[in-house]
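Residue numbers (the working numbering): 5 to 347.
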């Protein structure tokens, strides 16, 4: 157990961290069979699926809101790892809670923020951190609700602040620098291409509606600015086209700050209703393929049984076009529609 530098030692701050691991039903993961099958927890150098290993690859550092270091910034404690999984009555579906302990002394003061590092290759959803038994204070709650990716993809460490709101002039002095840095991070500097893990809220004109490199007929004017006023879009920072330096290259990836994407419950709804709509097309096709007997759970002769072992069912070509909204289903059924249900 690593302690926080200071004077009187011995008291421990107990905390509980609530997270949600990346759900296999996350709609963003269902773009390939790999996204469905890969249910392990990837860590730099290997894969683990145990609670202990998961906890040991997440570290936290508390930041003081009342005691400053030699530069006027809140003191930063030493990092400590999560200890193990615990049960909380307030946990929702798919949520896990882990306990964490920090050694505390009066020279550190009252925590007001914390750094968190994720050393796994896969991200997790951080819901909250609750600190208990803080001398002369009680409990501090941090509402996070944010995705945390591997620490190497961030230019600065991920930081979260206690669930208190302040006017700029009322912000505790030891936290001012940290809040200013976080604001700078989410504003961005107008450079670079946005990645999935970015949290930058930057804006640009609509200059990616066409593809002039493909031909003059595919060129589109830039919407935005004084000539063609138009609401802004989220800046992506992709490269410019060859034929029009004012137009940005198109991409299948549409950048959206990860925390603004649909939550796991909404994503699960998309998947559920998507599969339901596909089933309405699948069942009639299968019924026709087996002369109306595929759903009867009976075979009229051995020829129908052998058919399952000698090529399965060849799906009609228009069938795959009906399930285009769900690429993972197309991967499972093969792109040519052959040998479906082949044993």
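Note that CB positions come from ideal geometry on N, CA and C, so glycine has one too.
May I ask which residues mark the beginning and end of the beta strand (DSSP E) holding residue i?
i, result
"residue 122", "115 to 122"
"residue 183", "From DSSP, residue 183 is part of no beta strand (DSSP E) but of the alpha helix (DSSP H) over 177 to 191."
"residue 196", "It is not in any beta strand (DSSP E) - residue 196 carries neither H nor E in the DSSP assignment."
"residue 62", "62 to 72"
"residue 164", "162 to 165"
Terminal residues of the continuous alpha helix (DSSP H) containing residue i?
i, result
"residue 307", "306 to 313"
Use the C-beta contact count for residue i: other C-beta atoms within 10 angstroms, 16 or more gives buried, fewer gives exposed.
i, result
"residue 211", "buried"
"residue 122", "buried"
"residue 239", "buried"
"residue 246", "exposed"
"residue 235", "exposed"
"residue 96", "exposed"
"residue 117", "buried"
"residue 58", "buried"
"residue 218", "exposed"
"residue 307", "exposed"
"residue 233", "exposed"
Answer with yes or no whether the minimum CB distance from residue i to chain D is below 8 Å.
i, result
"residue 76", "As a matter of chain content, chain D is missing from the structure shown, which is built from one protein chain."
Any idea which residues DSSP pairs residue i with across the strands?
i, result
"residue 18", "105, 136"
"residue 90", "101"
"residue 145", "134"
"residue 80", "67"
"residue 159", "None, per the DSSP bridge assignment."
"residue 25", "128"
"residue 244", "252"
"residue 238", "207"
"residue 150", "130"
"residue 214", "Answer is none; residue 214 lacks a bridge partner."
"residue 228", "232"
"residue 85", "63"
For residue i and residue j, what's the separation of their Cα atoms in angstroms?
i, j, result
"residue 132", "residue 149", "7 Å"
"residue 94", "residue 314", "53 Å"
"residue 21", "residue 103", "6 Å"
"residue 171", "residue 188", "17 Å"
"residue 92", "residue 168", "23 Å"
"residue 34", "residue 174", "Annotation note: pLDDT 42 at residue 34 (below 50); position unreliable, coordinate value reported separately. Near 45 Å, if we compare the C-alpha coordinates of residue 174 and residue 34."
"residue 89", "residue 182", "30 Å"
"residue 252", "residue 134", "44 Å"
"residue 312", "residue 207", "55 Å"
"residue 166", "residue 213", "42 Å"
"residue 191", "residue 259", "15 Å"
"residue 226", "residue 220", "15 Å"
"residue 328", "residue 261", "Residue confidence is low: residue 328 scores 49 on pLDDT, short of 50, so the model does not pin down where it sits. No coordinate-derived value is stated."
"residue 216", "residue 265", "30 Å"
Take residue i as the anchor and find which of the options has the nearest alpha-carbon.
i, options, result
"residue 18", "194, 72, 142, 98", "142"
"residue 110", "224, 252, 15", "15"
"residue 199", "256, 59, 91, 112", "256"
"residue 205", "161, 263, 179, 166", "263"
"residue 84", "130, 72, 97, 63", "63"
"residue 250", "265, 260, 228", "228"
"residue 1", "147, 127, 114", "In the structure as shown, the chain starts at 5 and stops at 347, and residue 1 therefore has no counterpart that could be examined."
"residue 107", "81, 119, 87", "81"
"residue 60", "208, 124, 147", "124"
"residue 120", "66, 78, 100", "66"
"residue 162", "195, 180, 201, 144", "201"
"residue 350", "128, 310, 226", "Here the chain comprises residues numbered 5 to 347, so residue 350 is not present and cannot be evaluated."
"residue 105", "213, 99, 86", "86"
"residue 157", "68, 203, 309, 99", "203"
"residue 197", "304, 78, 254, 72", "254"
"residue 151", "304, 71, 26, 305", "26"
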